[in-house]
Amino acid sequence: MRSREQARGMLAPLQTQLAATQVSAGQVPELKSTLEAVQTRLNGMEAQFAARTATLAAQEADRDDLRKRLAAAEAILRQKADLEATHAALRETLQQERRQSAEKLAQLQDVRDEMTKEFKLAASSIMQQHGETFTKQN
Numbered sequence: 538m539r540s541r542e543q544a545r546g547m548l549a550p551l552q553t554q555l556a557a558t559q560v561s562a563g564q565v566p567e568l569k570s571t572l573e574a575v576q577t578r579l580n581g582m583e584a585q586f587a588a589r590t591a592t593l594a595a596q597e598a599d600r601d602d603l604r605k606r607l608a609a610a611e612a613i614l615r616q617k618a619d620l621e622a623t624h625a626a627l628r629e630t631l632q633q634e635r636r637q638s639a640e641k642l643a644q645l646q647d648v649r650d651e652m653t654k655e656f657k658l659a660a661s662s663i664m665q666q667h668g669e670t671f672t673k674q675n
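Take any residue in the sequence shown, count from 1 to its spot, add 537: that is its number in my numbering.
This is the structure in structure tokens:
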């Protein structure tokens, strides 16, 4: 009897396990469907990840290009500022040289006028002397 009781004692857990296995077996189609849905979702997420990775790489390339263009533009602006400063300095130098040239021309004109006066006086004096000499001779 004892073996029968032992067999019955062992039978009860086995029956519980069998019932659980049967329930699990009944869930297989549902679990399979869930697994397929999860796999489909995973595939979609992987595709999104790949697309976003490609977009990110393109954006990083664009950013690098923009940084290079910004650096070039800043260099051009610095050159422009340098050229403007050089231009202003050259303009000031030119104005100074023009003022100096105008002053020199004015001085030359004054000297010319003075020389013209002196020449006229000298010529008049010479003519007067020749006139006196001519008068004395005649």
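Think of the CB as a built atom: it goes at the ideal place given N, C-alpha and C, for glycine as much as any other residue.
Keep in mind that this is a model prediction, so the values were computed, not measured.
{"Check": "In chain order, what are the residue ranges of uninterrupted beta strand (DSSP E) at least 3 long that sit wholly in the segment 574 to 619?", "Outcome": "none"}
{"Check": "CA-CA distance, K657 and Q665?", "Outcome": "12 Å"}
{"Check": "How long is the line joining the alpha carbons of A612 and Q596, rounded to whole angstroms?", "Outcome": "24 Å"}
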